[in-house]
Amino acid sequence: MYSFNYSKPDTIEAAREMMRSAEDGIYLAGGQTLIPAMKQRLSAPTDVIDLSSIGELTDIDVSDGRVRLGALVKHADVAGSDAVRSAIPALADLAAGIGDAQVRNRGTIGGSVANNDPAADYPAALLGLGASVHTDQRQIPADDFFVGLFETALEEGEIITQVAFPVPDRAAYAKFPNPASRYATVGVFIGVRDGVTRVAVTGAAPCAFRSAEIEAALNAEISARSLDGITIGADDLNNDIHASAEYRAHLVTVMAKRAVTALPK
Amino acid sequence: MSETEISTIGRSVLRKEDHRFITGNGRFTDDINLPGQTYAVFVRSPLPHAEVRAVDTSEAEAAAGVVAVLTGADLAQDELGGLPCGWMITSKDGSEMKQPLHPVMAVDKVNYLGEPVAIVIAETLLEARNAAETVQVDYRELDAVVGADKAQSALQIHAEAPANTCYEWELGEREATEAAFEQASHITSLDLHNNRLIPNAIEPRAAIADYQPGTEELTLYTTSQNPHLARLILAAFVQIAPEHKLRVVSPDVGGGFGSKIMVYSEETATAWACMRIGRPVKWCADRSEAFLADAHGRDHFSHVELALDDEGTFLGLRVKTIANMGAYLSSFASSVPTYLYGTLLAGQYKTPAIYVEVDAVFTNTAPVDAYRGAGRPEASFLIERITTMAAREMDIDPAELRRRNFIQPEDFPYQTPVALEYDTGNYGVSLDKALEMSGYAEFSARQQQSVSSGKLRGIGISCYIEACGIAPSQVAGSLGAGVGLWESGEIRVNPTGNVTVLTGSHSHGQGHETTFAQLVAARFGIPIDDVQVVHGDTARLDFGMGTYGSRSIAVGGSALSVAADKIITKGCKIAAHLMETEAENIDFDQGEFKVSSSNLSKTFQEVAFAAYVPHDYPLDELEPGLTEKAFYDPANFTYPAGCHICEVEIDPDTGCVEIVNFTAVDDFGRIINPMIVEGQVHGGLAQGIGQALLENCVYDDTGQLLTGSYMDYCMPRADDLPSFNVDLTETPCTHNPLGVKGCGEAGAIGSPPAVINAITHAIGIPHMDMPATAEKVWRAIQEKRGA
Numbered sequence: 000m001y002s003f004n005y006s007k008p009d010t011i012e013a014a015r016e017m018m019r020s021a022e023d024g025i026y027l028a029g030g031q032t033l034i035p036a037m038k039q040r041l042s043a044p045t046d047v048i049d050l051s052s053i054g055e056l057t058d059i060d061v062s063d064g065r066v067r068l069g070a071l072v073k074h075a076d077v078a079g080s081d082a083v084r085s086a087i088p089a090l091a092d093l094a095a096g097i098g099d100a101q102v103r104n105r106g107t108i109g110g111s112v113a114n115n116d117p118a119a120d121y122p123a124a125l126l127g128l129g130a131s132v133h134t135d136q137r138q139i140p141a142d143d144f145f146v147g148l149f150e151t152a153l154e155e156g157e158i159i160t161q162v163a164f165p166v167p168d169r170a171a172y173a174k175f176p177n178p179a180s181r182y183a184t185v186g187v188f189i190g191v192r193d194g195v196t197r198v199a200v201t202g203a204a205p206c207a208f209r210s211a212e213i214e215a216a217l218n219a220e221i222s223a224r225s226l227d228g229i230t231i232g233a234d235d236l237n238n239d240i241h242a243s244a245e246y247r248a249h250l251v252t253v254m255a256k257r258a259v260t261a262l263p264k
Numbered sequence: 000m001s002e003t004e005i006s007t008i009g010r011s012v013l014r015k016e017d018h019r020f021i022t023g024n025g026r027f028t029d030d031i032n033l034p035g036q037t038y039a040v041f042v043r044s045p046l047p048h049a050e051v052r053a054v055d056t057s058e059a060e061a062a063a064g065v066v067a068v069l070t071g072a073d074l075a076q077d078e079l080g081g082l083p084c085g086w087m088i089t090s091k092d093g094s095e096m097k098q099p100l101h102p103v104m105a106v107d108k109v110n111y112l113g114e115p116v117a118i119v120i121a122e123t124l125l126e127a128r129n130a131a132e133t134v135q136v137d138y139r140e141l142d143a144v145v146g147a148d149k150a151q152s153a154l155q156i157h158a159e160a161p162a163n164t165c166y167e168w169e170l171g172e173r174e175a176t177e178a179a180f181e182q183a184s185h186i187t188s189l190d191l192h193n194n195r196l197i198p199n200a201i202e203p204r205a206a207i208a209d210y211q212p213g214t215e216e217l218t219l220y221t222t223s224q225n226p227h228l229a230r231l232i233l234a235a236f237v238q239i240a241p242e243h244k245l246r247v248v249s250p251d252v253g254g255g256f257g258s259k260i261m262v263y264s265e266e267t268a269t270a271w272a273c274m275r276i277g278r279p280v281k282w283c284a285d286r287s288e289a290f291l292a293d294a295h296g297r298d299h300f301s302h303v304e305l306a307l308d309d310e311g312t313f314l315g316l317r318v319k320t321i322a323n324m325g326a327y328l329s330s331f332a333s334s335v336p337t338y339l340y341g342t343l344l345a346g347q348y349k350t351p352a353i354y355v356e357v358d359a360v361f362t363n364t365a366p367v368d369a370y371r372g373a374g375r376p377e378a379s380f381l382i383e384r385i386t387t388m389a390a391r392e393m394d395i396d397p398a399e400l401r402r403r404n405f406i407q408p409e410d411f412p413y414q415t416p417v418a419l420e421y422d423t424g425n426y427g428v429s430l431d432k433a434l435e436m437s438g439y440a441e442f443s444a445r446q447q448q449s450v451s452s453g454k455l456r457g458i459g460i461s462c463y464i465e466a467c468g469i470a471p472s473q474v475a476g477s478l479g480a481g482v483g484l485w486e487s488g489e490i491r492v493n494p495t496g497n498v499t500v501l502t503g504s505h506s507h508g509q510g511h512e513t514t515f516a517q518l519v520a521a522r523f524g525i526p527i528d529d530v531q532v533v534h535g536d537t538a539r540l541d542f543g544m545g546t547y548g549s550r551s552i553a554v555g556g557s558a559l560s561v562a563a564d565k566i567i568t569k570g571c572k573i574a575a576h577l578m579e580t581e582a583e584n585i586d587f588d589q590g591e592f593k594v595s596s597s598n599l600s601k602t603f604q605e606v607a608f609a610a611y612v613p614h615d616y617p618l619d620e621l622e623p624g625l626t627e628k629a630f631y632d633p634a635n636f637t638y639p640a641g642c643h644i645c646e647v648e649i650d651p652d653t654g655c656v657e658i659v660n661f662t663a664v665d666d667f668g669r670i671i672n673p674m675i676v677e678g679q680v681h682g683g684l685a686q687g688i689g690q691a692l693l694e695n696c697v698y699d700d701t702g703q704l705l706t707g708s709y710m711d712y713c714m715p716r717a718d719d720l721p722s723f724n725v726d727l728t729e730t731p732c733t734h735n736p737l738g739v740k741g742c743g744e745a746g747a748i749g750s751p752p753a754v755i756n757a758i759t760h761a762i763g764i765p766h767m768d769m770p771a772t773a774e775k776v777w778r779a780i781q782e783k784r785g786a
């Protein structure tokens, strides 16, 4: 790790001001990606602006058909929240399966979403539930938020304040974890609301995406059987020492079937 | 004191050292800080193979806090030697193995990714790190030689080693084996790769060196499994300091698995730099450095053939192996694929003719050396795989085929065709017990159940043998070993009757402070808390050979047993004097020296006191004091053996393998502490199953390490493993005083073939290389279904 300036503002306005005046600043949420990258000197910000003292970012609110998670809500808090679990059990389950206990007790939803790791779990939930990302500037629908590999719609200095999930009728997440990192080799999140099924895939490609083929099949009939014969093209999928593109493509349909089977009745 | 308190042999005494460790009071190398210490960071090669045209240290030398920047050229100027390999292997043509110079830091060429090029020493770690980044090295990149299987036809790495070949070794009888194959009615053959592993001890390597110019004494605190051996190598070969002025201390060490046997560049350069700058220097590897520069394990390519008659009797075994040495010969690398591998190829079977050829090759990868099992897992994998394959091909139950070929109890001592003489064993008993514990007979019912829920199920057997406590010294010497293979033990009975035990073996997790204390406490009939075990400091004990190859109890424990005998013999003489009789009338039992057929006795403590306060003492016949030592050189290896049975269930949709049951029945001879033994078995099984399913070191075609962190190198975790089903059988070792064999490596040796035998059984295929990842298993199922 290189030396850097550290600050811990109390308000969003102060954080933005610090970012503006920094030469090469970065926001720190849970630090589960940033700190290891800095320790390996792969990331070398001049200024680290720690958001953890901004109290409003840690709220969990379930009301009016929405689950609203402050950007600094930790994965363990989502997994352990009775309110979240009763509203969207699949979301609580997803959070409970992120990384390991240490990661879940430091890592935050805002940090995960802003980082947009191609194998992170949360992007699948946001896309599959049609969530919106609230920032200090605006609201961004999940469909517009995840742009590419580690790339989002966030502008320079923009701060995520909250992620709002509409409560679905039914939802489920099925994940095939990488045995080493426990990130998703492939994860499929299915959300059903008002008769419309959304299917989001993470881990398989450079960026989480919605699968039009699987959505079409499930919008015709929500059953694992309706996915028989559906194959996902491997051309644009990730190919590495852990899984070939072809295997990932196969796992997308397998995980989609498992998610369908896991949908609450 | 009650009898149960005294006799602790065979009891699961809780580990004496654990209170220290779990309360944070362990003292590891990095916990040691010395006044005025500096911090070292290494500049490492980012290329696996390149000429070094120039190293420019000027910017680093001028950087804040920098004390010195030293390179391979500075080392050469001080005329330091290279790092030696301690076992000379002779090729089948009679030539000696090729041993290219293994420089402490590279001078004009780098041969593996992460090879040290310079050491930067600064006032703080941060300053050292920052300065290290400014060292400019001008490289001319060369093609990298990566795979051992292709090394012999690739670009030559070392001038001394044409075709990148270190040696071409053979063992056994070629002609007799050829003849056996001609007689065979069935031949099973197999090509396999025994996957390359990275050791991953929880504590990375570290060193802190301190030089006292007044006495010219250099002290090196370091994470070594064998501090005396490190001192010998540093003094005699590297010539860093003479042996009597060099102290090596190996304090608490957090795991080794073989990777801390070796004398490495970094510790050596740290010690040398300390003398150069006249201040203490500290270095502690980070995890990334451990992945790059700890000696790796395994990496064998083998072709194996087994000849059988029509009854399934083994007639001959023929093996050709290419073993990866990495870029240089590490400390004991040459012995691993030869005398720790070829000699084990008889396994538990009466194969009459065996012939093995091993080509050791250099590649542009990190050096490869001993790793938990060292050669024996490679041998066991190959034998237990080919045996199972043969059984399936001949439609004989794999358990039955093994039983037909076992060396029988009445055959011991049994001379194998590959040099070893097994002293004892009973392989049928451990097989039977494991079959019963694993519910082998009822497997097909469980398989039906799996099939009805859409899963595949398989069961695999492995009947392994290994050799521990490598010995005797004269035989090892005649085969090329550069060191003796005895062990020392010293027992100091203090005047108050408690005991300090010094052992030349070294504990880095094995629990010696408990096992050895149990051994001595039981012998003297004193409480275990009255025994303190000391190890790991060349200044505190005469000499020791350290811990590797599961040798500690068989060799180190036996040395202590002999030393204890000497204490009792002397104690009897002292007691005889005190009670005015002759020593032959004294019986020592449960802590008391008793005069036969009388009620006279002296306690152990009374005799100890008399030895040090010799007012009433036979000074004309006996020296005062009660300290004895022994150097024990075993007559033979010990031969732990056993049977492991693995049962798996496979999800055909994903290829995920779940180990649903794992049974291990091991014969380690006599057991001192069953809990510690069971812990060793559990740890060994975790590592063996890790190799079979998860762990894999991958360099890409250009020699870059793709598995350089835990994000990509998969260590087994608790939730990858079942609750193990373990038990023991016992045939005591016939040639050591304790009847013990050793248990540290067996789990890692026996388990991998059991896992692969189970997976191939479930899928119905002949073979799968390790690790059996989900994708590999899924593809095999697809192919099988397509076929």
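Chains as they are written, first to last, in numbering that gives the first Met the number 0: chain A, 0 to 264; chain B, 0 to 786.
Every residue, glycine too, gets a C-beta built ideally from N, C-alpha and C.
Name the DSSP bridge partner or partners of residue i?
i	result
Trp271 of chain B	DSSP output for Trp271 of chain B lists no bridge partner at all.
Arg65 of chain A	A:Ser62 and A:Pro165
Glu657 of chain B	B:Glu648
Val191 of chain A	A:Arg169 and A:Thr196
Gln414 of chain B	B:Glu420
Pro140 of chain A	A:Ser131
Arg139 of chain B	B:Glu50
Gln686 of chain B	Its beta-bridge partners do not exist; DSSP assigns none.
Can you pull the chain A residues whose beta carbon is under 7 Å from the beta carbon of residue i, in chain order?
i	result
Trp777 of chain B	Tyr246
Met710 of chain B	Ala179 and Ser180
Cys713 of chain B	Pro178 and Ala179
What does the alpha-carbon distance come out to for the pair residue i and residue j?
i	j	result
Phe380 of chain B	Ser301 of chain B	11 Å
Asp536 of chain B	Ala229 of chain B	11 Å
Leu13 of chain B	Met96 of chain B	47 Å
Pro366 of chain B	Asp564 of chain B	43 Å
Gln262 of chain B	Ser57 of chain B	Note that residue 262 of chain B is Val in the sequence shown, not Gln. Whole-angstrom Cα-Cα distance: 30 Å.
Pro47 of chain B	Ala292 of chain B	12 Å
Val680 of chain B	Pro770 of chain B	21 Å
Cys462 of chain B	Thr7 of chain B	31 Å
Ala179 of chain A	Asp711 of chain B	6 Å
Check the Cβ of residue i against every Cβ in chain A and list those closer than 8 Å, keeping chain order.
i	result
Thr653 of chain B	Phe175, Leu250 and Val253
Please compile the residues from chain C whose C-beta is within a distance smaller than 9 Å of the C-beta of residue i.
i	result
Val697 of chain B	Absent from the structure: chain C. Protein chains present are A and B.
Helix, strand or coil: which one does DSSP assign to residue i?
i	result
Trp777 of chain B	helix
Gln224 of chain B	coil
Gln36 of chain B	coil
Val146 of chain A	strand
Gln531 of chain B	strand
Ile762 of chain B	helix
Three Cβ pairs or more, each shorter than 8 Å: is that satisfied between the segment 321-341 of chain B and the segment 140-148 of chain B? yes
Are the segment 615-632 of chain B and the segment 487-503 of chain B touching, with three or more C-beta to C-beta distances below 8 Å? yes
Assess, as a yes-or-no matter, whether the segment 241-255 of chain B is touched by the segment 205-221 of chain B under the definition of 3 or more beta carbon pairs within less than 8 Å. yes
Would you check if the segment 542-555 of chain B and the segment 743-750 of chain B touch, i.e. whether three or more CB-CB distances between them fall below 8 Å? yes
Can at least three beta-carbon pairs, one atom from the segment 234-253 of chain A and one from the segment 185-203 of chain A, be found at a separation below 8 Å? Contact check between the segment 234-253 of chain A and the segment 185-203 of chain A: three or more CB pairs, one atom from each, fall below 8 Å, which counts as touching.
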